[in-house]
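Reviewing the structure listed below.
There are 2 protein chains.
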Amino acid sequence: MSYSISEFGQKVGLTPHTLRYYEKEGLLPFVHRSSSGLRVFTEKDIEWLVIITCLKNTGMSVKQIKVFIDWCMAGDSTLEQRYHFFVDHKKVVQAQIKKLEACMDKINYKIEYYRKALTQTTSERQAHERTCLEMEKKKLIGE
Amino acid sequence: MSYSISEFGQKVGLTPHTLRYYEKEGLLPFVHRSSSGLRVFTEKDIEWLVIITCLKNTGMSVKQIKVFIDWCMAGDSTLEQRYHFFVDHKKVVQAQIKKLEACMDKINYKIEYYRKALTQTTSERQAHERTCLEMEKKKLIGE
DNA sequence: ACTTGACTTAAAGTTAACTCTAAGTTGTAG
DNA sequence: CTACAACTTAGAGTTAACTTTAAGTCAAGT
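Chains A and B are the protein sequences, given in the same order. Just so we're aligned, residue 5 is where the first sequence starts under this note's numbering, counting upward by one. Just so we're aligned, residue 5 is where the second sequence starts under this note's numbering, counting upward by one.
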């Protein structure tokens, strides 16, 4: 089974434009051409795009991804580099997740804050303020 | 306690340049000025920058953050909008975390794949290939 | 008084990753 | 056989978020 650039684009969620751009940047050296010069994409290329998309989604630049692709093309002599590439990138992604989770905590706090502010009417909030003031006064008096 | 633009930049992890840029974009309408026109940052401003940084870290654009800041400046009439703003953004961040975790799975798979490829010598891999071929043959014969 | 360093502004420059344009070729449906 | 959509290329344009530059002001130290 083979695909044209737009069929393939649909499959992997990229436009033909972006695929040509990726090819120009050296990310797709494995893509074949038809006798008339059209790009012919295969099932195997989907797997390549899955990993490229994964790296892209985790913030890796096109240049860095190219380094990995070049290693893949170079054959078994680069297995160790590729291993370390993923081990290093795993750390980056772990840090990203941790950062997002810390932000999530702040967002949850804000949601709780605004939820309370909304369920409480203005007069209730003012009443609460008055109660607090009363208690402060009593403390000061020594009661 | 108040801070100059560079002291404050150190505190919140941004350069004076970036702080001025944020102000120009309308993200910091709460920052005061000294009699000579210098920006004077306070402790309270740190809290503002914490939430701005949180929104920025979770992929929100400067323009979107400005919408939130404008609501804050407008007072209590925007409490409900602000509540929904965070509820909506929470969904975005949850999706981001989910996506990163899916990528993490692929990265872990790759690490495992390359680890195996490295611990196995080439001859071992070739032997494994031969064994598989033998088994295929036996199946075909009907053994 | 003078130098130094931090501040001010407006505006131009940078970078990555697309995204689009223009000009031309190819292949299939009517 | 002709229209028309989809493909090809090189190269220019776009966008966001900074980042730097240029030209100038201000306040503190020697």
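Quick reminder that beta carbons are idealized off the backbone N, C-alpha and C, glycines included.
Here's the rule I'm using: 16 or more other beta-carbon atoms within 10 Å means buried, otherwise exposed. How should residue i be labelled?
i: Ile50 (chain B); result: exposed
i: Lys95 (chain A); result: exposed
i: Thr62 (chain A); result: buried
i: His88 (chain A); result: exposed
i: Gly13 (chain A); result: buried
i: Val97 (chain A); result: buried
i: Leu122 (chain A); result: exposed
i: Tyr26 (chain B); result: buried
i: Phe34 (chain B); result: exposed
i: Arg37 (chain A); result: exposed
i: Lys216 (chain A); result: Residue 216 (chain A) is absent from the model: chain A starts at 5 and stops at 147.
i: His21 (chain B); result: exposed
i: Leu32 (chain B); result: buried
i: Leu59 (chain B); result: buried
i: Leu53 (chain B); result: buried
i: Leu42 (chain B); result: exposed
i: Gly146 (chain B); result: In this prediction, Gly146 (chain B) has a pLDDT of 48, which is less than 50 and means its spatial position is unreliable; nothing more can be read from the coordinates.
Any beta carbon from chain A within less than 8 Å of residue i's own beta carbon?
i: Phe90 (chain B); result: yes
i: Ser10 (chain B); result: no
How about residue i: is its C-beta nearer than 8 Å to some C-beta of chain B?
i: His93 (chain A); result: yes
i: Gln100 (chain A); result: yes
i: Cys58 (chain A); result: yes
i: Thr62 (chain A); result: yes
i: Gly146 (chain A); result: Any reading at Gly146 (chain A) needs caution, since the residue's pLDDT is 48, under 50, leaving its predicted position unreliable; the model's value is listed next. No, Gly146 (chain A) does not count as interfacial toward chain B.
i: Val66 (chain A); result: no
Using the beta-carbon of each residue, which ones in chain A are nearer than 8 Å to residue i?
i: Val97 (chain B); result: Leu104, Cys107, Met108, Ile111
i: Ile55 (chain B); result: Lys110, Lys114
Using a cut-off of 9 Å between C-beta atoms, extract the partners of residue i located in chain B.
i: Thr82 (chain A); result: The contacting residues do not exist; Thr82 (chain A) stays about 10 Å from chain B at best.
Name the chain B residues that come within less than 7 Å of residue i, Cβ to Cβ?
i: Lys114 (chain A); result: Phe90
Under 9 Å between beta-carbons, which chain A residues line up against residue i? List them in chain order, please.
i: Leu122 (chain B); result: Leu83, Glu84, Tyr87
Using a Cβ cut-off of 7 Å, pull out every chain A residue sitting near residue i, in sequence order please.
i: Tyr118 (chain B); result: Leu83, Arg86, Tyr87, Phe90
Following a CB-centred definition, is residue i positioned closer than 7 Å to any heavy atom of the ligand GDP?
i: Lys102 (chain B); result: As for the ligand GDP, it is missing from this structure, which has no ligand bound.
#### Entry: Contact between the region 69-85 of chain B and the region 103-116 of chain B (3+ Cβ pairs under 8 Å)
no
### Query
Are at least three pairs of beta-carbons, each pair with one atom in the region 113-121 of chain B and one in the region 7-27 of chain B, less than 8 Å apart?
no
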